[in-house]
Amino acid sequence: MTGLLDISDVEVEYRSRGRGRVLAVAGVSLDVAAGQIVGLVGESGCGKSSLARVAVGLTPPSAGVVRFAGQPVTPLGWRRRPDTEIGLQMVFQNPYASLNPRRTIGAQLLDGVPATVTGAARRDRVRELLDRVGMPTTAAERYPHQFSGGQRQRLAIARALAPQPRMIIADEPVTALDASSQAQVVNLLVGLVRDLDMGMLFISHDLALVHEIADITAVMYLGRVVESAPTRELWRNPRHPYTRALIDAVPRIGPTPRLPATLAGEVPDPANAPTGCRFRPRCPHAFAPCGDQPPTLDLGGRSAACWLNDPTAAPATVPAN
Amino acid sequence: MAPLLDVDSLAVTLPGPRGPLPILHDVSLTVDEGELVGIAGESGCGKSLTAQTLLGLLPAGAKVTGTARFAGTDLLGLDNNGWQRIRGAGIAMVFQDPTAALHPMLTVGRQLTEHMRVHLRLDRRSATRRAVELLDQVRIPDPERALRAYPHQFSGGMRQRAAIAIALAARPRLLIADEPTTALDVTVQAGILALLDRLRAETGLAVAFITHDLGVLSALTTRGYVFYAGRVVETGPTGALLTAPTHPYTAALLGARPHGTQAVGTLRPIPGAPPAPGEAPPGCPFQPRCGYAEPACGTVPPPLAPVAADRSVACVVRPHLEVTAR
Numbered sequence: 001m002t003g004l005l006d007i008s009d010v011e012v013e014y015r016s017r018g019r020g021r022v023l024a025v026a027g028v029s030l031d032v033a034a035g036q037i038v039g040l041v042g043e044s045g046c047g048k049s050s051l052a053r054v055a056v057g058l059t060p061p062s063a064g065v066v067r068f069a070g071q072p073v074t075p076l077g078w079r080r081r082p083d084t085e086i087g088l089q090m091v092f093q094n095p096y097a098s099l100n101p102r103r104t105i106g107a108q109l110l111d112g113v114p115a116t117v118t119g120a121a122r123r124d125r126v127r128e129l130l131d132r133v134g135m136p137t138t139a140a141e142r143y144p145h146q147f148s149g150g151q152r153q154r155l156a157i158a159r160a161l162a163p164q165p166r167m168i169i170a171d172e173p174v175t176a177l178d179a180s181s182q183a184q185v186v187n188l189l190v191g192l193v194r195d196l197d198m199g200m201l202f203i204s205h206d207l208a209l210v211h212e213i214a215d216i217t218a219v220m221y222l223g224r225v226v227e228s229a230p231t232r233e234l235w236r237n238p239r240h241p242y243t244r245a246l247i248d249a250v251p252r253i254g255p256t257p258r259l260p261a262t263l264a265g266e267v268p269d270p271a272n273a274p275t276g277c278r279f280r281p282r283c284p285h286a287f288a289p290c291g292d293q294p295p296t297l298d299l300g301g302r303s304a305a306c307w308l309n310d311p312t313a314a315p316a317t318v319p320a321n
Numbered sequence: 001m002a003p004l005l006d007v008d009s010l011a012v013t014l015p016g017p018r019g020p021l022p023i024l025h026d027v028s029l030t031v032d033e034g035e036l037v038g039i040a041g042e043s044g045c046g047k048s049l050t051a052q053t054l055l056g057l058l059p060a061g062a063k064v065t066g067t068a069r070f071a072g073t074d075l076l077g078l079d080n081n082g083w084q085r086i087r088g089a090g091i092a093m094v095f096q097d098p099t100a101a102l103h104p105m106l107t108v109g110r111q112l113t114e115h116m117r118v119h120l121r122l123d124r125r126s127a128t129r130r131a132v133e134l135l136d137q138v139r140i141p142d143p144e145r146a147l148r149a150y151p152h153q154f155s156g157g158m159r160q161r162a163a164i165a166i167a168l169a170a171r172p173r174l175l176i177a178d179e180p181t182t183a184l185d186v187t188v189q190a191g192i193l194a195l196l197d198r199l200r201a202e203t204g205l206a207v208a209f210i211t212h213d214l215g216v217l218s219a220l221t222t223r224g225y226v227f228y229a230g231r232v233v234e235t236g237p238t239g240a241l242l243t244a245p246t247h248p249y250t251a252a253l254l255g256a257r258p259h260g261t262q263a264v265g266t267l268r269p270i271p272g273a274p275p276a277p278g279e280a281p282p283g284c285p286f287q288p289r290c291g292y293a294e295p296a297c298g299t300v301p302p303p304l305a306p307v308a309a310d311r312s313v314a315c316v317v318r319p320h321l322e323v324t325a326r
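If you read the sequences in order, they're chains A and B.
The first sequence begins at 1 in full-length UniProt numbering and counts up one residue at a time.
The second sequence begins at 1 in full-length UniProt numbering and counts up one residue at a time.
In structure tokens form, the structure reads like this:
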């Protein structure tokens, strides 16, 4: 199946003095269909933001290809974006940085309204956009600093919606916000996907939040997707030990204090990634086959890159999780 | 036995561009020796300012009333020298951003031993020995080498653990941790929570843990305070507080977090936003956003009143609150 957004075997490589070649994204494939929310979770440094930038065409991949509606996404340059790619928009983590502080909200929204909309219809479009994100029409005359963080993120979403996108890539869109505005922004994004039949790649380090809203969840570790599954199944029965460790590390509310489970070790430097399975040095189930990179095994509607799921490699006594 | 920290009717007013801004109102809280206490609330609710008051770090021109006693010392009456003796050796603090808290151009070892030499009057050799012990205690691998490292050579989680080691260097009895895990990943957060709990068990350290994450509050602390607009609106044993809240704001915060029930769109945002300092309505500060508000809520701010053993709430309505299991 190819989705509306089709990321296939993408690699992102950085070269830096002293560290040599760093493979931040080491071959990732992901599909996002219209009307679908795909959650991408992983810890800092796992490559999820690098992948987001490639997916939206901000940087070129060093290998692999990203297709949007069947056409390869061309990396952003000085030229105007092809009209077809305007349907692919991004919402960033920090609404303080993504809005221009010196221009009114209305002017910034108008930038995104397609040139085919003319005259008074342009103003109407701005009003519609503000209305859609639950902001008053008067917001158009004001500047970004006159709004709270949550309101600003809603305005940044309105800006992303201006060209009527079919796909939104949201990179940690609520991380900087408080609990109550977090819920407002997340509900807005989910509502947009459902109402407008958009696709959304929702990138977050907050597993509980992704669990709440995503149809499919993909888990990244050190540049690779280690597991991908319908969210409910992933949460109920993770098939990769790293997914299990992430779920167990989420603090829960309960009648008595109970510390979340800890995971041994630190995330290795991607410049010195372990050979074989990259999770091996921290994995409680590591065994002989893990010296080789595990293939991504199709487990029927879901996939995981772990030798424990390969009956020919895994001893029957080792539980999958 | 008297609590280690005993804050009573604390009120803080800061100078603002258009006159004084009341930030904290009538805050009372206690922390016992070896107790893990949680302080929860959204940004701007006054939880960090409470911490600053307890360390004498308020900006010039701040007006403070009420009392704050720490191990028998009246904190609010301290002069500069008095504060120097309390900070670090009595009460220490860990901040949200370890990168900003650590000096980028001094080695971790230098930052660790500086404290001990001043407060504990240790010579260089014994200070180094204790520094190695501390780094080992916070589970930093290869402590001898870590002493010579600079903060940028550490990962985020290691930096926060180093910041905790520095805070502990002069053997404080109370550690105030202000959102210490907010910037960290869940697996790293789990490690920090386990570390604080272990330090409490092994050394009798008391911890006041400030967080907006109710999951963290529940996982770590035994007693909690919920702040709203500069007031304590509810307090009690953390488990009871979060599984059977009695203040509509506590219940609303619980409703706004992901439930882990995979029912799409079940985040229930709290309408509106918290009032800015000085702009709180008369009466209960939460009343404009509260689904249970009655006319009585608009007159005077409700006092914190006991509802059960160890539990108090500042709400005159006390509605029956539905809380979904999560």
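C-beta atoms are modelled at their ideal positions from N, C-alpha and C, and glycine is treated no differently.
Being a predicted model, the structure only gives us computed values, none of them experimental.
Separation of B:W83 and B:D74 (C-alpha to C-alpha, rounded to the nearest whole angstrom) is 11 Å. Between A:P173 and A:Q153, the C-beta gap is smaller than 8 Å, which places the two residues in contact.
Using a 10 angstroms sphere on the CB of A:G301, the tally of other CB atoms stays under 16, which defines it as exposed.
Taking a beta-carbon distance threshold of 8 Å, B:H212 counts as an interface residue toward chain A. Near chain B, meaning a CB-to-CB distance below 9 Å, the residues of the segment 190 to 208 of chain A are V190, G191, R194, H205, D206, L207 and A208. Rounded to whole angstroms, the separation of the alpha carbons of B:L36 and B:G298 is 35 Å. For B:R200, no Cβ of chain A is located within less than 8 Å of the residue's own Cβ. In summary, B:L184 is buried, with 16 or more beta-carbon neighbours lying within 10 Å of its beta-carbon over all protein chains present. Between B:V186 and chain A, the shortest Cβ-Cβ separation is below 8 Å. The residue among A:G291, A:R278, A:V10 and A:W235 with its C-alpha nearest the C-alpha of A:G64 is A:V10. CA-to-CA, the gap between A:V73 and A:G199 works out to about 16 Å. The alpha helix (DSSP H) runs of length 4 or more contained entirely in the segment 222 to 308 of chain A are, from start to end of the chain, 231 to 236 and 241 to 248. Excluding five sequence positions before and after A:P61, the CB atoms of its chain that fall closer than 7 Å to its own CB belong to V10, E11, V12 and V54, given in chain order. Ranked by Cα distance from B:M116, the options B:P98, B:G88 and B:V138 are led by B:G88.
At a cut-off of 8 Å between beta carbons, A:L259 contacts chain B.
In this structure, A:T217 is the residue among A:S204, A:D310, A:T217 and A:P251 with its C-alpha nearest to the C-alpha of A:S29. Per DSSP, the beta bridge partners of A:I7 are A:L30 and A:V66. According to the DSSP assignment, B:V94 belongs to the beta strand (DSSP E) that extends over I91 to V94. The segment 53 to 62 of chain B makes contact with the segment 11 to 20 of chain B, as at least three CB pairs between them are under 8 Å.
In this structure, A:I105 lies near A:L155, with their beta-carbon atoms less than 8 Å apart. Chain A has no Cβ within less than 8 Å of the Cβ of B:R145. Distance check between B:T235 and each of B:R311, B:L174 and B:P274 places B:R311 closest, using alpha-carbon atoms only. The three-state secondary structure of A:Q164, taken from DSSP, is coil. Spanning the alpha carbons of A:R194 and A:V185 requires a straight line of approximately 14 Å. Look at A:I86 here: in three-state DSSP terms it is helix. By the Cβ criterion, the segment 218 to 230 of chain B is in contact with the segment 36 to 47 of chain B, since at least three pairs of Cβ atoms, one from each stretch, lie closer than 8 Å. Beta-bridge partners of B:G19 (DSSP): B:G16. The segment 130 to 139 of chain A makes no contact with the segment 69 to 83 of chain A; the number of CB pairs closer than 8 Å stays below 3.
When the five nearest sequence neighbours on each side are left out, the beta carbons in the same chain lying within less than 7 Å of the beta carbon of A:W235 are those of H211 and I247, in order along the chain. Secondary structure at A:V126: helix, using DSSP grouped into helix, strand and coil.
Per DSSP, reduced to three states, the secondary structure at B:I166 is helical.
Sequence-distant partners of A:R125 (beyond 5 residues in either direction) whose C-beta falls short of 7 Å from its own C-beta, in its chain, are V113 and V117.
Listed in chain order, the alpha helix (DSSP H) elements of length 4 or more contained wholly in the segment 4 to 70 of chain B are 47 to 54. In the DSSP assignment, the residues bridged to A:D171 are A:I203.
Contact of A:R132 with chain B is not assigned, every C-beta pair being separated by 8 Å or more. In the DSSP annotation of this structure, the continuous segment of the alpha helix (DSSP H) that includes A:D111 starts and ends at I105 to G112.
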